[in-house]
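Quick note, the sequence shown lines up with residues 7 to 132 if you use the numbering used here. Cβ atoms here follow ideal geometry from the backbone N, Cα and C, with glycine treated the same way. Predicted model, so just to flag it, every value in this text is computed and none were measured. Notes for the one structure printed next.
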Amino acid sequence: MSNAFADSTHVGTTGKPNPFALLFHIGKTSALVGSVLQDGRVSWLPKTVFLTCISALLAAIILPELGIDTGIFFALPGVGAVLDALGLPVDATFDWVAFTVAAFNLLRLFPTEIVGEHYDRLFRRR
Numbered sequence: 007m008s009n010a011f012a013d014s015t016h017v018g019t020t021g022k023p024n025p026f027a028l029l030f031h032i033g034k035t036s037a038l039v040g041s042v043l044q045d046g047r048v049s050w051l052p053k054t055v056f057l058t059c060i061s062a063l064l065a066a067i068i069l070p071e072l073g074i075d076t077g078i079f080f081a082l083p084g085v086g087a088v089l090d091a092l093g094l095p096v097d098a099t100f101d102w103v104a105f106t107v108a109a110f111n112l113l114r115l116f117p118t119e120i121v122g123e124h125y126d127r128l129f130r131r132r
């Protein structure tokens with residue numbers, strides 16, 4: 007049996023989204039979330055839970071945390087130094103990576119068929 011999810015470029019295959027495509031195509035990812043949220047086939051409860059969780063995560067990222075840089079430098083000295091050398095703020099980098107992973111996993115609140123349908127339309131059209 008062939009795995010339809012393995013080929014992320016296959017047109018017409020409804021399946022789960024490719025996490026790397028979602029990460030590197032922020033505009034399309036936003037359009038995917040917007041499409042799923044506007045889809046009338048999705049119940050209000052998963053939409054509410056999704057938006058509440060995303061809002062809470064954004065609030066946690068946007069509100070400043072004192073001393074996080076120092077804590078990361080002590081806990082992960084090599085990673086902190088590399089990110090600092092690249093000019094990326096250590097706390098923001100970890101925060102946005104965690105936000106991205108959480109947002110991707112929150113898509114599981116919605117029916118797979120509906121997310122796959124919108125994903126195919128936005129990411130796999132030719």
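Which whole-angstrom value describes the C-beta separation of residue i and residue j, a residue pair presumed to lie in contact below a C-beta threshold of 8 Å?
i, j, result
"Thr35", "Leu28", "5 Å"
"Ile60", "Ala104", "The Cβ separation is near 13 Å, so there is no contact."
"Phe116", "Pro52", "6 Å"
"Ala62", "Leu128", "Actually they are not in contact, since the Cβ atoms of Ala62 and Leu128 sit about 26 Å apart, beyond 8 Å."
Tell me which residue opens and which closes the alpha helix (DSSP H) that residue i is part of.
i, result
"Arg127", "118–129"
"Leu57", "50–68"
"Gly33", "32–44"
Comparing alpha-carbon positions, which option in the options lies nearest residue i?
i, options, result
"Ile67", "Trp102, Pro25, His124", "Trp102"
"Leu57", "Ile120, Phe30, Leu113, Thr118", "Leu113"
"Leu64", "Val107, Gly46, Leu51", "Val107"
"Glu123", "Phe26, Thr99, Val48, Ile32", "Val48"
Does the CB of residue i have a neighbour CB from chain D at under 7 Å?
i, result
"Leu128", "Chain labels in this structure do not include chain D; a single protein chain is all it has."
Given 6 Å as the limit, tell me if residue i has its C-beta closer than that to any heavy atom belonging to the ligand SAM.
i, result
"Trp102", "In terms of ligand content, the structure shown is empty, and the ligand SAM therefore cannot be addressed."
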